[in-house]
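Per our numbering, residue 16 is the first one in the sequence shown, and the count goes up by one each step.
Notes follow once the structure below has been shown.
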Amino acid sequence: MIEELLRTITAYAVAMVEYFSWYGVFIAMVMESACLPIPSEVVMPLAGFVLCHDAHGVLKATLLASIANLIGSWIAYVMGLYGGRPLIRRYGRYLLIREKEIRMAENFFAKHGEIAVLVARVMPAIRTVIGFPAGLFKMDLAKFSIYTLIGSIPWNFMLTYLGFILKERWYIVEEYVHALIPPLLLATALLVVSYIVLRRLRLRQLRLR
């Protein structure tokens, strides 16, 4: 059932690009960052193949998708800001999420929100929902927007460029991206842990001076 749903979503994403051209790319990428499961690893490679005929087209698609990601992330941010806590208080117990876990996550986001957003923007699946916890834990909107853009641009450029050079074989990008998810998650975890450890060591050194 899940596989069938994913195939339907993929077909929907392909249709949006093929029928609505640049408008379809923009709408799909807004939806992707607004917590809807629209796969950018399908949308952007297809855009690179169908819509981009030179380097200018690749850059145009990258910029358009990144702006769309920012707008979609604002929607997710507002959802988290105004509806996140009531939602978690009502249904969190079913996911074993208690106030203690919420406070821990809030403290983490207060200290490391920037790196969390930046890393999440280049992670499949996670990039779709990162705006919600950013709003839930009231991350500064300006910082959130900056790091969202910084993280979105390389991701969108990579996918678009791959579609541009692969041409008719653009669809294999999704397969490789999915295969890379486990090592990417591991690398991300190591990166975040290293960042936190180094930051704490630096703060400790500053206190000792």
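Virtual Cβ for every residue (Gly too), placed ideally from N, Cα, C.
*DSSP three-state call for HIS68: helix, strand or coil?*
Sequence index remark: in the sequence shown, residue 68 carries index 53 (1-based). DSSP, reduced to helix, strand and coil, places HIS68 outside both helices and strands of the structure shown, so it counts as coil.
*Of the choices VAL192, GLU190 and ARG184, whose alpha-carbon is the least far from that of PHE64?*
In the sequence shown, counting from the first residue as 1, residue 64 sits at position 49. Residue ARG184 is the option with its Cα nearest to PHE64.
_Need the endpoints of the alpha helix (DSSP H) that VAL144 sits in, please._
In the sequence shown, counting from the first residue as 1, residue 144 sits at position 129. Segment 141-144, the alpha helix (DSSP H) holding VAL144.
*How close, in whole Å, do the beta carbons of MET94 and LEU174 come, if the pair is a contact with beta carbons under 8 Å?*
As a position in the sequence shown, residue 94 is number 79, starting the count at 1. As a position in the sequence shown, residue 174 is number 159, starting the count at 1. About 25 Å; that fails the 8 Å criterion.
*Given LEU133, which residues of its chain have a CB within under 8 Å of its CB, disregarding the five upstream and five downstream residues?*
On the sequence shown, residue 133 is found 118 positions in, with the first residue counted as 1. Scanning its chain for C-beta atoms nearer than 8 Å, with the 5 sequence neighbours on each side dropped, one finds around LEU133 the residues TYR162, ILE165 and GLY166, in chain order.
*VAL73: which of PHE172, GLU189 and LEU181 sits nearest, CA to CA?*
Translated into the one-based positions of the sequence shown, residue 73 becomes position 58. Measuring C-alpha to C-alpha distances from VAL73 to each of PHE172, GLU189 and LEU181 identifies PHE172 as the nearest.
*Measure from the alpha carbon of SER81 to the alpha carbon of each residue in VAL57, LEU51, MET44 and GLY98, then state which is nearest.*
Within the sequence shown, numbered from 1, the residue matching residue 81 stands at position 66. From the listed residues VAL57, LEU51, MET44 and GLY98, the smallest Cα separation to SER81 is found for MET44.
*Can you tell me whether LEU102 is buried or exposed, with buried defined as 16 or more other CB within 10 angstroms of its CB?*
Position 87 of the sequence shown holds residue 102. So LEU102 ends up on the exposed side.
*On a CA-only basis, which of ALA26, LYS126 and ALA131 is nearest ILE274? Give me that one, please.*
No answer is possible for residue 274: the residues shown for the chain start at 16 and end at 224.
*Rounded to whole angstroms, what's the CA-CA distance from VAL192 to TRP37? Just pull it up for me.*
Stepping through the sequence shown from its first residue, residue 192 is reached at position 177. Stepping through the sequence shown from its first residue, residue 37 is reached at position 22. Cα-Cα distance, rounded: 23 Å.
*THR143 burial status per 10 Å Cβ neighbour count (16 or more: buried)*: By one-based count along the sequence shown, residue 143 stands at place 128. Taking all protein chains in view, the Cβ of THR143 is crowded by 16 or more other Cβ atoms within 10 Å, so the residue is classified as buried.
_If the criterion is Cβ atoms closer than 8 Å, does the pair PHE124 and CYS50 meet it?_
The residue given as residue 124 occupies position 109 in the sequence shown. The residue given as residue 50 occupies position 35 in the sequence shown. No, the Cβ-Cβ distance between PHE124 and CYS50 is not below 8 Å.
*Locate the alpha helix (DSSP H) running through PHE152, then write down its first and last residues.*
As a first step, residue 152 must be located in the sequence shown, where it is residue number 137. PHE152: not part of any alpha helix (DSSP H); DSSP gives it neither H nor E.
*Proximity to ARG136 [Cα-Cα], best of ILE168, THR23 and GLU190*: Reading the sequence shown from its first residue, position 121 is the one you call residue 136. If you compare the alpha carbons of ILE168, THR23 and GLU190 with that of ARG136, the shortest gap goes to ILE168.
*Taking C-alpha atoms, which residue in THR23, ALA76, HIS68 and ILE42 lies nearest to ILE90?*
Working through the sequence shown from its first residue, we reach residue 90 at position 75. Ranking THR23, ALA76, HIS68 and ILE42 by Cα distance to ILE90 puts ILE42 first.
*Under 8 Å, do GLU189 and VAL40 count as touching if we go by C-beta distance?*
The sequence position of residue 189 within the sequence shown is 174, counting from 1. The sequence position of residue 40 within the sequence shown is 25, counting from 1. Result no, Cβ atoms of GLU189 and VAL40 do not sit closer than 8 Å.
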